[in-house]
Amino acid sequence: MVSIYMCGEDKTRQISDWVIKKNGKGEFRLTCHYPSQKTYSR
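Take 16 as the starting number for the sequence shown in our numbering and just add one per residue.
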């Protein structure tokens with residue numbers, strides 16, 4: 016099981032899907048998808 020915290024808040028129940036990918040610099044980037052169709056990446 017995974018829990019996702021953003022800015023100190025547990026957002027796990029609010030997220031409909033998430034993806035971890037490498038960006039162009041080889042760093043990992045988390046993208047969260049919400050039921051409202053909004054996305055948030057960090």
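Note that the Cβ used here is the ideal one computed from N, Cα and C, for glycine as well.
Nothing here was measured: the structure is a model prediction, and the numbers come from that model.
*Just mark C47 as buried or exposed, buried being the case when its beta carbon has 16 or more other beta carbons within 10 Å.*
If you number the sequence shown from 1, residue 47 lands on position 32. When all chains shown are included, C47 counts as buried.
*Can you round the beta-carbon distance between S56 and L45 to whole angstroms, since I take them to be within the 8 Å contact cut?*
To locate residue 56, count along the sequence shown from 1; it is residue 41. To locate residue 45, count along the sequence shown from 1; it is residue 30. Contact holds; Cβ gap of about 7 Å.
*Rounded separation between Y20 and R28 - CA only*: Locating residue 20 in the sequence shown gives position 5, counting from the first residue. Locating residue 28 in the sequence shown gives position 13, counting from the first residue. Approximately 11 Å, taken between the alpha carbons.
*So, helix, strand or coil for R44, using DSSP?*
Locating residue 44 in the sequence shown gives position 29, counting from the first residue. Strand.
_If I follow the unbroken beta strand (DSSP E) through W54, where does it start and stop?_
Sequence index remark: in the sequence shown, residue 54 carries index 39 (1-based). Note on identity: in this sequence residue 54 is Thr, with Trp being the wrong assignment. In the DSSP assignment, T54 falls within the beta strand (DSSP E) that extends over T54 to S56.
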